[in-house]
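Everything on this sheet refers to the single structure shown next.
Number of protein chains: 2
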Amino acid sequence: MINENEHERDERFMRMALAEAMEAYEAGEIPIGAVVTVNGRVIARGHNLTETLKDVTAHAEMLAITAAAENLGGKYLPDCTLYVTVEPCPMCAGALGWSQIGRIVYGTSDPKRGCFSYYRPDRLPLHPKTNVTSGVLEEECKGIMQDFFKRLRGKN
Amino acid sequence: MINENEHERDERFMRMALAEAMEAYEAGEIPIGAVVTVNGRVIARGHNLTETLKDVTAHAEMLAITAAAENLGGKYLPDCTLYVTVEPCPMCAGALGWSQIGRIVYGTSDPKRGCFSYYRPDRLPLHPKTNVTSGVLEEECKGIMQDFFKRLRGKN
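Keeping their order, the protein sequence lines are chains A and B.
Residue numbering for the first sequence is 8 to 163, as defined by my numbering.
Residue numbering for the second sequence is 8 to 163, as defined by my numbering.
What follows is the structure, given as structure tokens:
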């Protein structure tokens, strides 16, 4: 990409995370997707698989962190960025903290289940050097979630 | 076991979690072990494998939850008890919340990395019906951790 600024690059990677979310949607999973990059290169991607794997730990972020570490051959990810369509939950925030990930970019907030409402303000489990950016492609990331739950309610 | 009361049963299962922790110790992993039971029967066990798997998410509790769900064929664990030698971290507490586990029994507290110091008092991510018991075989669970870190420091 030529002359791509950081915001444009963030949107590009968030679109890939949205494509992952769409795969989850089509599989009947809560549509959340994630991508991990290092130096502008995608090294891992994943989407929520809690229903398919019958495993509450199989969130998009968890699968992406594990895949990124496997790809890099080391468990710490200080030079990596995680793009995820929805604000991580407390479990995923804890995992991201352990990974020492360099940057987290998320699309839409989750006031009910998002990590920022759970932790004490002075004890967020993220590494002190981790940067957080929110609101990238927020409408699209929120829209796919709303569509999913609307469709789900329609079925019941 | 005949005439075994709840405390004795808790100690028996915590000894199994300690045996898992010892396996971690011998593999050079931070020695934390976990066991999941249902109706007094062990359905899953695990120990910390973060170094071996080069995966920060491979905590004893995470592996045990995943194995228990696989064993039961469903992702929720409301009738299960998790025995773990050390107070769960924020990531594991989040996962235990998602699993709706019925009861958590841990050995020794972790003032630095344990979940209870991270969360807002009114927003612990555990399911409201989850019971928590602490201090079962506390000295043994603490002792194996202290031995590990003492040995580690001796090497450096």
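Note that CB positions come from ideal geometry on N, CA and C, so glycine has one too.
For residue 90 of chain B, three-class secondary structure by DSSP: For the purposes of this step, residue 90 of chain B is identified with residue 83 of the second sequence, where counting begins at 1. Residue state, collapsed to three classes: strand.
Span separating the alpha-carbon of residue 17 of chain B from that of residue 143 of chain B: Counting from 1 along the second sequence, the entry for residue 17 of chain B is found at position 10. Counting from 1 along the second sequence, the entry for residue 143 of chain B is found at position 136. Straight-line Cα distance between these residues: approximately 7 angstroms.
Beta-carbon spacing of residue 102 of chain B, residue 63 of chain A below 8 angstroms: Translated into the one-based positions of the second sequence, residue 102 of chain B becomes position 95. Translated into the one-based positions of the first sequence, residue 63 of chain A becomes position 56. Yes.
Given residue 148 of chain A as reference, the closest of A:48, A:95, A:50 and A:57 once Cα atoms are compared: As a position in the first sequence, residue 148 of chain A is number 141, starting the count at 1. Measuring from the Cα of residue 148 of chain A, the nearest candidate turns out to be A:95.
DSSP beta-bridge partners of residue 138 of chain B: On the second sequence, position 131 is the one that residue 138 of chain B refers to. Its beta-bridge partners are B:110.
Minimum length 3: unbroken beta strand (DSSP E) runs contained in the region 15-68 of chain A: 40-45 and 48-54
Burial state of residue 14 of chain B (16 or more Cβ within 10 Å): Position 7 of the second sequence, counted from the first residue, corresponds to residue 14 of chain B. Residue 14 of chain B comes out exposed.
Whole-number beta carbon distance between residue 49 of chain A and residue 23 of chain A, since they are thought to touch under 8 angstroms: Within the first sequence, the letter at position 16 stands for residue 23 of chain A. Within the first sequence, the letter at position 42 stands for residue 49 of chain A. Going by Cβ atoms, the distance from residue 23 of chain A to residue 49 of chain A rounds to 7 angstroms, so yes, they are a contact pair.
Residue 34 of chain A, buried or exposed, once every other Cβ within 10 Å from all chains shown has been counted against 16: Residue 34 of chain A sits at position 27 when you count from the first residue of the first sequence. With fewer than 16 other Cβ atoms within 10 Å, it is exposed.
Candidates A:123, A:84, A:125 and A:56, of which the one nearest residue 73 of chain B by Cα: As a working note, residue 73 of chain B is residue 66 in the second sequence. Taking only the C-alpha atoms, the option nearest residue 73 of chain B is A:56.
Limits of the unbroken alpha helix (DSSP H) element including residue 154 of chain B: Taking the second sequence and counting its residues from 1, one reaches residue 154 of chain B at position 147. First-last of the alpha helix (DSSP H) with residue 154 of chain B: 145-162.
Amino acids of chain A, ordered along the chain, whose beta-carbon sits closer than 7 angstroms to that of residue 106 of chain B: To locate residue 106 of chain B, count along the second sequence from 1; it is residue 99. Chain A residues near residue 106 of chain B: 63.
Under 8 angstroms (Cβ pairs) to chain B, residues found in the region 86-113 of chain A: 96, 97, 98, 99, 100, 101, 102, 104, 105 and 106
Contact set between residue 37 of chain A and chain B, taken where Cβ atoms lie within less than 9 angstroms: Against the first sequence, residue 37 of chain A aligns to sequence position 30. Per Cβ cutoff of 9 angstroms: no residues; residue 37 of chain A is ~12 angstroms from chain B at best.
Given residue 134 of chain A as reference, the closest of A:12, A:109 and A:10 once Cα atoms are compared: Counting from 1 along the first sequence, the entry for residue 134 of chain A is found at position 127. Measuring from the Cα of residue 134 of chain A, the nearest candidate turns out to be A:109.
Min CB distance residue 152 of chain A to chain B below 8 angstroms: In the first sequence, residue 152 of chain A corresponds to position 145, counting from 1. By this cut-off, residue 152 of chain A is not an interface position.
Min CB distance residue 44 of chain B to chain A below 8 angstroms: Residue numbering aside, residue 44 of chain B sits at position 37 when the second sequence is read from its first letter. So, not an interface residue.
Cβ-based burial, residue 11 of chain A [other Cβ within 10 Å; buried from 16]: As a position in the first sequence, residue 11 of chain A is number 4, starting the count at 1. So residue 11 of chain A ends up on the exposed side.
Below-8 angstroms beta-carbon distance, residue 118 of chain B vs any chain A residue: As a working note, residue 118 of chain B is residue 111 in the second sequence. It does not: the Cβ of residue 118 of chain B has no partner Cβ on chain A nearer than 8 angstroms.
Straight-line Cα distance separating residue 90 of chain A from residue 20 of chain A: One-based indexing of the first sequence puts residue 20 of chain A at position 13. One-based indexing of the first sequence puts residue 90 of chain A at position 83. Straight-line Cα distance between these residues: approximately 7 angstroms.
Proximal residues to residue 70 of chain B (C-beta, below 7 angstroms), its chain only, five neighbours per side dropped: Along the second sequence, read from residue 1 onward, the residue named residue 70 of chain B stands at position 63. Once the five neighbours on either side are set aside, the close Cβ partners of residue 70 of chain B are 53 and 56.
Neighbour-count burial assignment, residue 136 of chain B, 16 or more Cβ in a 10 Å radius: By one-based count along the second sequence, residue 136 of chain B stands at place 129. Its Cβ having fewer than 16 others within 10 Å, residue 136 of chain B is exposed.
Backbone CA spacing between residue 141 of chain B and residue 162 of chain A [nearest angstrom]: For this step, residue 141 of chain B is matched to residue 134 along the second sequence. For this step, residue 162 of chain A is matched to residue 155 along the first sequence. So the two alpha carbons sit approximately 43 angstroms from each other.
Contact set for residue 139 of chain A: own chain, Cβ-Cβ below 7 angstroms, skip 5 residues either direction: Here residue 139 of chain A refers to the residue found at position 132 of the first sequence. Correct list, in chain order: 111.
Contact with chain B by residue 135 of chain A, beta-carbon distance below 8 angstroms: On the first sequence, residue 135 of chain A is found 128 positions in, with the first residue counted as 1. Judged by the 8 angstroms Cβ criterion, residue 135 of chain A is not in contact with chain B.
Member of B:128, B:132 and B:28 whose CA lies at the smallest distance from the CA of residue 66 of chain B: Within the second sequence, residue 66 of chain B is the residue found at index 59, counting from 1. Checked all of B:128, B:132 and B:28; the closest Cα to residue 66 of chain B is B:28.
Proximal chain B residues relative to residue 121 of chain A, where beta-carbon distance stays under 8 angstroms: In the first sequence, the residue the question calls residue 121 of chain A occupies position 114. Simply none; closest approach about 11 angstroms.
Same chain, Cβ closer than 6 angstroms to residue 97 of chain B, neighbours up to 5 away in sequence not counted: Position 90 of the second sequence, counted from the start, is the residue given in the question as residue 97 of chain B. 122 and 125.
Any C-beta of chain A under 8 angstroms from that of residue 185 of chain B: Nothing about residue 185 of chain B can be read from this structure; chain B reaches only from 8 to 163.
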